[in-house]
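*Asks:* Those letters in the sequence shown? Residues -14 to 303, per the working numbering, in order.
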Amino acid sequence: MKKYSLLLLDCGKVIKQIPLGKGKSLIGRAEDTDLTLTSNDVSRHHAVVQFRNGHYIIEDLNSTNGTCVNSNKVVKQVLNNGDEISIGEHSIIFDDGSYALSFVDETEITRRGEETAIISNKFNSLQSKIDDKSLRKEFRDIEKFVRKSRKRLATLAHADKLTGLYNRQYFDKVALQEFQKAKSSGKSLSVLFVDLDHFKEVNDTHGHRTGDEVLRAVAWLIQKACRKTDLVARYGGEEIVVVLPNTQSSDACKIAEEVRVIIEKQTNKMLKIPITVSIGVATFPGDASELHSILQRADQALYEAKRIGRNCICKYHD
């Protein structure tokens, strides 16, 4: 069976890829969706894509503004490779792996962000000089569009372009904020380091494109297994880090085991390749009193999990 995905596009470039399995993939504005679209013209639970009788079907969930496939408004429709789904101002491609992926790079994001900031400042200056009511309204509408674009660019700047997870730069900033909250409130905070087992063999045997698909699938499964309050980021290479606020060591180990089991069971179904992960766990304040030490000890626990046989979790111990 082909491996299908939903590709979220911006100016023809992929900004997020959601692998599709045999279950449901929810699209909307709410945080519990699989593909979250942050704009007011998208309903909280807008549409769903699900696998039925050998086909992927998109169904509108009584959304306010409707769902279109290839510019035609639909209630329920079978998807074919290359179909373009329009939800609000967002464009999504249903892809079987043949789409020529072109991702937005960080240089382009920075450039676009600077351009929209300049435009926004010019609008503010011009609006104060306009007396005509209709022109003023037109400027307000354009300004709203620019503001949305800036918000989307800010989101792009925080994302790892391959997996769609948060990138290392964003992780370093937010993880420190979460740690400072835990320290000031006296609550626990746990860290998971997740690393794919034998990932080099996957690349050597199946090729780097398949390796990328594996990374995206594992990232998606980790996000599904974690809570919305957890911070999930690509730390580097095939290593993914998770910060679990207000989570004690025992609960962190349970979450880590859930992640491990889900990946072991689901990747073979999704990709026809058996993938496992090793996970290291460390917790504040029991294992260390500073964030860099917690990260270091979770990493040490990860290597211990690798040493004792892989496909397991290991809690840090002195």
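In this text, a Cβ means the ideal position worked out from N, Cα and C, and glycines have one as well.
Predicted model, so just to flag it, every value in this text is computed and none were measured.
(1) Taking 8 Å as the threshold (C-beta atoms), are G149 and K1 in contact?
(2) For G82, which of L22, S71, R245, D197 has the nearest alpha-carbon?
(3) Which full runs of the alpha helix (DSSP H) of 4+ residues lie inside the stretch 219 to 291, going along the chain?
(4) State the DSSP-derived secondary structure class of R294, mapped to helix, strand or coil.
(5) Looking at the structure shown, is Y155 part of a helix, part of a strand, or coil, going by DSSP?
(6) Per DSSP, which residues does R37 bridge with? Please list them.
(7) Kindly indicate which residue of E224, D45, H75, H143 has the alpha-carbon position closest to the one of S24.
(8) So for V199, helix, strand or coil by DSSP?
(9) With H, G and I counted as helix, E and B as strand and the rest as coil, what does DSSP make of N57?
(10) Counting Cβ pairs closer than 8 Å, one from the stretch 262 to 270 and one from the stretch 287 to 299, do we hit at least three?
(11) Closer than 8 Å, CB to CB, is G67 near chain B or not?
(12) Does the stretch 268 to 286 come close enough to the stretch 154 to 174 that 3 or more CB-CB pairs lie under 8 Å?
(13) Report the CB separation of V33 from E16 in whole angstroms; it is logged as a contact under 8 Å.
(14) If I follow the unbroken alpha helix (DSSP H) through D189, where does it start and stop?
(15) With distance defined between alpha-carbon atoms, name the residue in V27, L229, D189, N65 nearest to L177.
(16) Quick one: grab the DSSP three-state call for A32.
(17) So, at 8 Å on beta carbons, what are the nonlocal neighbours of D68 in its own chain, with the 5 sequence-adjacent residues on each side left out?
(18) Looking only at its own chain, which residues have a Cβ that is under 6 Å from the Cβ of Q251, when we skip the five neighbours before and after it?
(19) Once the 5 residues before and after G51 are set aside, which same chain residues still bring their CB inside 6 Å of it?
(20) Need the endpoints of the beta strand (DSSP E) that V(-1) sits in, please.
(21) Taking C-alpha atoms, which residue in D157, R212, V(-1), K291 lies nearest to D180?
(22) According to the Cβ coordinates, are V227 and Y151 closer than 8 Å?
(23) Have a look at C299 and D284 and give me their C-alpha separation to the nearest angstrom.
(24) Where does E69 fall in DSSP's three states?
(25) Exposed or buried, which one is K146 when buried takes at least 16 other CB atoms within 10 Å?
(26) Name the two residues that bound the continuous beta strand (DSSP E) containing D(-5).
(27) So S175 and T232 are in contact, right, with Cβ under 8 Å, and what is the actual spacing, rounded?
(28) Please report the straight-line C-alpha distance between S28 and I225, rounded to a whole angstrom.
(29) Would P4 be called buried (16 or more neighbouring beta carbons within 10 Å of its own) or exposed?
(30) Whole angstroms are fine: how far does the CA of E223 sit from the CA of H277?
(31) Please classify R37 as buried or exposed, where buried requires at least 16 neighbouring CB atoms within 10 angstroms.
(32) Please report the straight-line C-alpha distance between T49 and S235, rounded to a whole angstrom.
(33) Would you mind reading off the limits of the beta strand (DSSP E) that contains D17?
*Replies:* Per the coordinate set shown:
(1) If you number the sequence shown from 1, residue 1 lands on position 16. If you number the sequence shown from 1, residue 149 lands on position 164. Pairing K1 with G149 gives a Cβ-Cβ distance under 8 Å.
(2) Here residue 82 is taken as the residue at index 97 of the sequence shown, counted from 1. Residue D197 is the option with its Cα nearest to G82.
(3) List check, alpha helix (DSSP H) in window: 234 to 256.
(4) In the sequence shown, the residue the question calls residue 294 occupies position 309. First, the amino acid is wrong: residue 294 is Gly here, not Arg. Coil.
(5) Counting from 1 along the sequence shown, the entry for residue 155 is found at position 170. Y155 falls in the helix class under three-state DSSP.
(6) Walking along the sequence shown from the start, residue 37 turns up at place 52. DSSP lists H40 as the beta-bridge partner residues of R37.
(7) One-based indexing of the sequence shown puts residue 24 at position 39. Residue H75 is the option with its Cα nearest to S24.
(8) Residue numbering aside, residue 199 sits at position 214 when the sequence shown is read from its first letter. In the structure shown, V199 sits in a helix (DSSP, three-state: H, G or I).
(9) One-based indexing of the sequence shown puts residue 57 at position 72. Of the three classes helix, strand and coil, the one that applies to N57 here is strand, per DSSP.
(10) Result yes; three or more Cβ-Cβ pairs closer than 8 Å.
(11) Of the protein chains in this structure there is only one, and it is not chain B.
(12) Yes, the stretch 154 to 174 is in contact with the stretch 268 to 286.
(13) Translated into the one-based positions of the sequence shown, residue 33 becomes position 48. Translated into the one-based positions of the sequence shown, residue 16 becomes position 31. Contact doesn't hold; Cβ gap of about 16 Å is too wide.
(14) Residue mapping note: residue 189 aligns to position 204 of the sequence shown, counting from 1. In the DSSP assignment, D189 falls within the unbroken alpha helix (DSSP H) covering 184 to 191.
(15) Start at 1 with the first residue of the sequence shown, and residue 177 comes out as number 192. Here the closest residue by C-alpha is L229.
(16) In the sequence shown, residue 32 corresponds to position 47, counting from 1. A32: strand per DSSP, three-state reduction.
(17) One-based indexing of the sequence shown puts residue 68 at position 83. Cβ contact annotation for D68 (same chain, cutoff 8 Å, sequence separation greater than five): V54, N55, I78, F79, in chain order.
(18) Translated into positions along the sequence shown, residue 251 becomes position 266. For Q251, the CB contacts under 6 Å within the same chain, skipping 5 residues up- and downstream, are L206 in chain order.
(19) Translated into positions along the sequence shown, residue 51 becomes position 66. The answer, listed in chain order, is K58.
(20) Within the sequence shown, residue -1 is the residue found at index 14, counting from 1. First-last of the beta strand (DSSP E) with V(-1): -2 to 4.
(21) Residue mapping note: residue 180 aligns to position 195 of the sequence shown, counting from 1. In terms of CA proximity to D180, K291 leads the group D157, R212, V(-1), K291.
(22) Along the sequence shown, read from residue 1 onward, the residue named residue 227 stands at position 242. Along the sequence shown, read from residue 1 onward, the residue named residue 151 stands at position 166. Against a cut-off of 8 Å, the Cβ pair of Y151 and V227 comes out as no contact.
(23) The residue given as residue 299 occupies position 314 in the sequence shown. The residue given as residue 284 occupies position 299 in the sequence shown. Between C299 and D284, the C-alpha separation is close to 10 Å.
(24) Counting from one through the sequence shown, the residue named residue 69 turns up at place 84. E69: strand per DSSP, three-state reduction.
(25) In the sequence shown, the residue the question calls residue 146 occupies position 161. Residue environment: K146 is assigned as buried (16 or more neighbouring CB atoms within 10 Å of its CB, all protein chains considered).
(26) In the sequence shown, the residue the question calls residue -5 occupies position 10. Run containing D(-5): -10 to -5, per the beta strand (DSSP E) assignment.
(27) Taking the sequence shown and counting its residues from 1, the one referred to as residue 175 is at position 190. Taking the sequence shown and counting its residues from 1, the one referred to as residue 232 is at position 247. About 5 Å; that satisfies the 8 Å criterion.
(28) By 1-based counting over the sequence shown, the position of residue 28 is 43. By 1-based counting over the sequence shown, the position of residue 225 is 240. Those two C-alpha atoms are separated by around 31 Å.
(29) Here the question's residue 4 lines up with position 19 in the sequence shown. That one is buried.
(30) Here residue 277 is taken as the residue at index 292 of the sequence shown, counted from 1. Here residue 223 is taken as the residue at index 238 of the sequence shown, counted from 1. Approximately 20 Å, taken between the alpha carbons.
(31) Mapped onto the sequence shown, residue 37 falls at position 52. R37 counts as exposed, since fewer than 16 other C-beta atoms from the protein chains shown sit within 10 angstroms of its C-beta.
(32) Residue mapping note: residue 49 aligns to position 64 of the sequence shown, counting from 1. Residue mapping note: residue 235 aligns to position 250 of the sequence shown, counting from 1. The straight-line gap from Cα to Cα measures roughly 43 Å.
(33) For the purposes of this step, residue 17 is identified with residue 32 of the sequence shown, where counting begins at 1. In the DSSP annotation of this structure, D17 is not part of any beta strand (DSSP E), being labelled neither H nor E.
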